[in-house]
Amino acid sequence: MHAKTYATITNISQSKKVSGDYVNFTGKNALYTKAGTMHGAKLVKSTSQLKKLARSTRGLDSFMILRTATTNQHNVYLKIRSLDGKTTGWIYDGKSTQSKMNNIIYKDKAHKYPAGGVTAFETSSTSLLTQTEKTSYYRLATPGSATDGTGVLYNTTLDTASPAWGTLKVAQPNQTTSTPYASDVFIVTFAKTRTRQGDCWLRVVDLNNTAVQGYIKASAMTKLPATTAKMGITVNYVDNASNKVVGTTIVPVSDTTAMNLTGLFGYFEGLPSGYTANADHTNGATGFTDKAAAQNAVAGDVLTYQVGVDRN
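Just so we're aligned: 307 in my numbering is position 139 of the sequence shown, and the numbers increase by one with no gaps anywhere.
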């Protein structure tokens, strides 16, 4: 009677503590303490448990790749860990002779059908700004100390990377509450959707405070109604070649005595179509023509902002 032969590791990568390479589960293979064909490998999560995790709407249930190993049977395994750090194990990825792309092994060269227990995954994705988001002004809907994406601003979206990175930061001078910025006027510069949670987050910047800019849930921002020239600051966009007005926006004023628009207004996405606020050495000077006035703007002021033709 012959003793059972177990697989041995012939090649293994260096181990990482955290990574930005994410996977989701196909449900084909279970998660083990070692490569599944090695002696002493014990079950960590069954295929049914992994299928449930694959459908999870909790961000920290996503998994990152920490290590890869190949056995003498040409089987490739991935060491993975949940973003909350509570679950770690090894899962079958496929044969080393099969087609591979970004750590995932596929049955086909078109990389459509994963060969093993995991598939490539992104914890968030870039979303296109709507026309309303591009051209509108906002205030915080629920200013305060909430840390769930509805109060405090962060430098990135919550629960889309391992907390072990240590890179998540509060993106405002007051580290505990956004209440001091309750009356400030914000613009939107970027949008992301969290994959598992399915919610949209906006990157917003405070027009009167360059230190306040970060991510917050879209639901936590309130669109301000259009205001009149008398009650707001009129900004006329002027073509820097023809010197003609090609567009106008009226900025609502914050509850401060004056607004300094020279810091972040250039990030406003509501420019006239076909123009850019950033000089690229081919479209000439851009920006406020009277920077002193733009640094101390009040309701009723009319400012000129030069724009150039977007040649990209």
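We put the beta carbon where it would ideally sit given N, CA and C, even for glycine.
The structure displayed is predicted, hence computed values, not measured ones.
Backbone CA spacing between residue i and residue j [nearest angstrom]
i: Ile273; j: Tyr383; result: 34 angstroms
i: Ser313; j: Asn179; result: 49 angstroms
i: Val116; j: Leu471; result: Nothing about residue 116 can be reported from this structure: the residues present for the chain run from 169 to 480 only.
i: Ala283; j: Ser351; result: 54 angstroms
i: Gly188; j: Thr236; result: 15 angstroms
i: Val413; j: Thr457; result: 13 angstroms
i: Trp333; j: Gly431; result: 30 angstroms
i: Ala447; j: Leu375; result: Confidence in Ala447 is poor, its pLDDT being 46 and thus under 50, which makes the residue's placement unreliable; the coordinate value appears in the next sentence. Approximately 20 angstroms, taken between the alpha carbons.
i: Pro311; j: Thr318; result: 8 angstroms
i: Leu326; j: Asp316; result: 8 angstroms
i: Tyr302; j: Thr344; result: The amino acid occupying residue 302 in the given sequence is Lys; Tyr does not appear at that position. Rounded to the nearest angstrom, the two C-alpha atoms are 29 angstroms apart.
i: Thr417; j: Gly366; result: 32 angstroms
i: Thr173; j: Lys247; result: 22 angstroms
i: Thr424; j: Ala388; result: 22 angstroms
i: Asp261; j: Trp369; result: 33 angstroms
Contact set for residue i: own chain, Cβ-Cβ below 6 angstroms, skip 5 residues either direction
i: Pro348; result: Asn342
i: Lys337; result: Asn323
i: Pro420; result: Tyr305, Val353, Leu392, Thr395, Gly400
i: Met269; result: His279
i: Ser214; result: Ala198
i: Ser293; result: Thr361
i: Leu251; result: Leu228, Ser230, Ser330
i: Lys184; result: Leu234
i: Gln266; result: Ile273, Ala283
i: Thr291; result: Tyr190, Ser230, Thr328, Thr363
Beta-carbon proximity list for residue i, same chain, < 8 angstroms, skipping 5 on both sides
i: Asp478; result: Gly442, Tyr443, Thr444, Asn451
i: Ala339; result: Leu321, Tyr322, Asn323, Val380, Gln381, Gly382, Tyr383
i: Ala175; result: Ala203, Thr205, Met206, Thr239, Asn240, Gln241, Asn243
i: Ala461; result: Asp469, Leu471
Burial state of residue i (16 or more Cβ within 10 Å)
i: Gly208; result: exposed
i: Ala386; result: buried
i: Val466; result: exposed
i: Arg249; result: buried
i: Ala409; result: exposed
i: Leu439; result: buried
i: Tyr190; result: buried
i: Asn480; result: exposed
i: Ile259; result: buried
i: Asp407; result: buried
Beta carbon of residue i nearer than 7 angstroms to that of residue j
i: Tyr305; j: Val353; result: yes
i: Thr201; j: Val212; result: yes
i: Ser295; j: Thr361; result: yes
i: Phe289; j: Asn411; result: no
i: Tyr473; j: Val373; result: no
i: Ser346; j: Leu308; result: yes
Residue i, enclosing alpha helix (DSSP H) - first and last residue
i: Lys302; result: 299 to 303
i: Ala460; result: 459 to 463
Contact set for residue i: own chain, Cβ-Cβ below 7 angstroms, skip 5 residues either direction
i: Leu297; result: Val356, Ala359, Glu437
i: Ala426; result: Asn464, Ala465, Val466
i: Phe135; result: Given a span of 169 to 480 for the chain in the structure shown, any question on residue 135 remains unanswerable.
Extent of the continuous beta strand (DSSP E) run through residue i
i: Leu246; result: 243 to 250
i: Lys213; result: 211 to 213
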